[in-house]
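Structure first, commentary second.
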Amino acid sequence: MKQRKNKPSRSFQKQQSRTGYVFFFPWMIGFLIFTLFPFLYTIYLSFHKVSLNVLGWTTAFNGIDNYVTALLRNPNFTPALIQFFLSEIVYVPTILIISFILAILLNGKFRFRTAFRIIYFLPVIVISGSVMNQLMNSGNVQIGNVRRIFIYQIMESYSPALADVIAFLFNNFAIVLWFTGIPIVLFLNGLQKINPQLFEAAQIDGATSWQILWKITIPIIRPILLVASIFTVVQLGMFPINPVYGMIQTAIFDTVGGLGVASSYAWIYSLVVLVLIGAMFFILRDPSKDVYVVNIREEQAEKRRKQLKSDKFRASMDRFFKKGKEATDDEA
Numbered sequence: 000m001k002q003r004k005n006k007p008s009r010s011f012q013k014q015q016s017r018t019g020y021v022f023f024f025p026w027m028i029g030f031l032i033f034t035l036f037p038f039l040y041t042i043y044l045s046f047h048k049v050s051l052n053v054l055g056w057t058t059a060f061n062g063i064d065n066y067v068t069a070l071l072r073n074p075n076f077t078p079a080l081i082q083f084f085l086s087e088i089v090y091v092p093t094i095l096i097i098s099f100i101l102a103i104l105l106n107g108k109f110r111f112r113t114a115f116r117i118i119y120f121l122p123v124i125v126i127s128g129s130v131m132n133q134l135m136n137s138g139n140v141q142i143g144n145v146r147r148i149f150i151y152q153i154m155e156s157y158s159p160a161l162a163d164v165i166a167f168l169f170n171n172f173a174i175v176l177w178f179t180g181i182p183i184v185l186f187l188n189g190l191q192k193i194n195p196q197l198f199e200a201a202q203i204d205g206a207t208s209w210q211i212l213w214k215i216t217i218p219i220i221r222p223i224l225l226v227a228s229i230f231t232v233v234q235l236g237m238f239p240i241n242p243v244y245g246m247i248q249t250a251i252f253d254t255v256g257g258l259g260v261a262s263s264y265a266w267i268y269s270l271v272v273l274v275l276i277g278a279m280f281f282i283l284r285d286p287s288k289d290v291y292v293v294n295i296r297e298e299q300a301e302k303r304r305k306q307l308k309s310d311k312f313r314a315s316m317d318r319f320f321k322k323g324k325e326a327t328d329d330e331a
């Protein structure tokens, strides 16, 4: 006779469900109060004029006037938004490239590897956000006057635009290094999960280190690269390096229309960040899932199938005529 499998009783399942709800509800309450409510309330405030009087805070609906004020009437907001966008284009690739190179080096086998990993991550632990804010505001994160360096002057004579980018990076080199800590950890995690046999097989097939990097390493860690890039974009926007962040903080304490205008600033800034994140999703998407690429691969597969059928038919006809010829020769 077949033995019946012991199924957990319903009372035990209910007890497990209750335990899960007990741990879930505190998080849900915190999410509703501290995340969802402020999120929805800022949308409401961005379409209202918020004023402070003797009766307290009052709101009056004014449509898109706050957004018009932010984009057209305020001469500082749009340039600050453009400055943030351009700085993200420079900072994010630089931070990710440096982090990826350091992660590859730290993933190698050498003495005191753990100590070096701790050293590279130490600035993230030691230098807190408040300390970094004070350093940025005081200008102590800059490395002297780069424009006086002889090499910079030579480069400026050939390409002023490239020289300005390099000067910008050197003047903010401490910021770049500070933001590499978390991406290094993410990249290390991804590199350590790659099967070493893939590298060995590629080397046996004659692949160079450059080919292994582009054909194996980067495609495998592409999801981690996307997470690191999104984290870097969001993290960079939370410090004085982002001029829009300071404008939002200043507008909050304005007694006339402050919270309404600040909310419109925040939502316009959020849309710019979403555009950057969307661009990263597009750049770092998996090409194998691209509709155009999939269609090309399906067409190539169909051609291969037709070619295979044609080759099989040709081979069978060759065998048929060969047998017929052999039979004719035997009769002769």
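Quick note on numbering that gives the first Met the number 0: the sequence shown kicks off at 0 and runs consecutively. Each residue gets a CB set at the ideal place from its N, CA and C atoms; glycine is no exception. These numbers were taken from a predicted model, which means no experiment stands behind them.
Point to revise | Distance between Val272 and Leu51 (C-alpha atoms, nearest Å) | key: 31 Å
**Study point:** Nearest residue (CA-CA) to Thr58, options Thr68, Tyr66, Phe46, Ala69
**Key:** For the set Thr68, Tyr66, Phe46, Ala69, the Cα lying nearest the Cα of Thr58 is the one of Phe46.
Notebook entry, point to check: Is the shortest distance between the beta-carbon of Trp26 and the beta-carbons of chain B less than 8 Å?
Noted result: No chain B appears in the structure shown, which is made up of a single protein chain.
Worksheet item: Run through DSSP, which three-state label would Val49 get?
Response: DSSP places Val49 in strand when its eight states are reduced to three.
- CB-CB length for Phe186 against Phe99, believed under 8 Å: Approximately 5 Å separates the beta-carbon atoms of Phe186 and Phe99; this is inside 8 Å, confirming the contact.
Identity of the residues DSSP links to Phe60 by a beta bridge: His47
Review point. Using a Cβ-Cβ cut-off of 8 Å (strictly less than) and excluding sequence neighbours within five positions of Tyr119, which residues of its own chain qualify?
Key: The residues are Leu101, Leu105, Thr179, Gly180, Ile183.
Quiz item: With burial defined as no fewer than 16 other Cβ atoms inside 10 Å of the residue's Cβ, what is the status of Tyr43: buried or exposed?
Solution: exposed
For the putative contact between Phe83 and Asn188, defined by C-beta atoms under 8 Å, what is the C-beta separation to the nearest angstrom? Not confirmed; about 29 Å, so no contact.
| said: Relative to the C-alpha of Ile96, which candidate in Gln12, Trp56, Thr231, Gln210 has its C-alpha closest? | reply: Thr231
If you count every other CB in all the chains shown that lies within 10 Å of the CB of Ser228, and 16 or more means buried, which is it? buried
In whole angstroms, give me the CA-to-CA distance for Thr93 and Asp310.
52 Å
In angstroms, rounded to a whole number, what distance separates the CA positions of Ser269 and Ile28?
24 Å
- Task: Measure the Cβ-Cβ separation of Leu283 and Leu224 and say whether it is below 8 Å.
- Result: yes
Have a look at Val67, Phe23, Phe252, Val49 and flag the residue whose alpha-carbon is nearest the alpha-carbon of Phe60. Val49
Between the segment 29 to 37 and the segment 246 to 262, do three or more beta carbon pairs fall short of 8 Å?
no
| query | Under the three-state reduction of DSSP, which class applies to Gly55: helix, strand or coil? | reply | strand
| query | Span of the alpha helix (DSSP H) holding Pro182? | reply | 180 to 191
Which same chain residues, not among the five before or five after Ser262, have their C-beta less than 6 Å away from its C-beta?
Thr41, Leu44, Ser45
| message | Rounding to the nearest angstrom, what Cα-Cα distance links Ala79 and Ile251 in this structure? | response | 17 Å
| field | Buried or exposed (CB count within 10 angstroms, at least 16 for buried), Ile81 | value | exposed
Query raised in the report: So which of Met246, Lys192, Asn73 has the shortest CA-CA distance to Ile103?
Result: Lys192
*Find the nearest neighbour of Phe280 within the set Phe24, Arg221, Gln210, Ser315, judged by alpha-carbon distance.*
Arg221
Quick check on the DSSP output: what are the complete alpha helix (DSSP H) runs of length 4 or more inside the segment 199 to 273, in order along the chain? 208 to 211, 221 to 235, 242 to 251
Quick one, which of Phe198, Val243, Leu212 has its alpha-carbon nearest Glu87's?
For the set Phe198, Val243, Leu212, the Cα lying nearest the Cα of Glu87 is the one of Val243.
May I have the straight-line CA-CA distance separating Pro37 from Gly55, to the nearest angstrom?
-> Distance between the alpha carbons of Pro37 and Gly55 is about 19 Å.
*asked:* What does the alpha-carbon distance come out to for the pair Thr18 and Ala278?
replied: 41 Å
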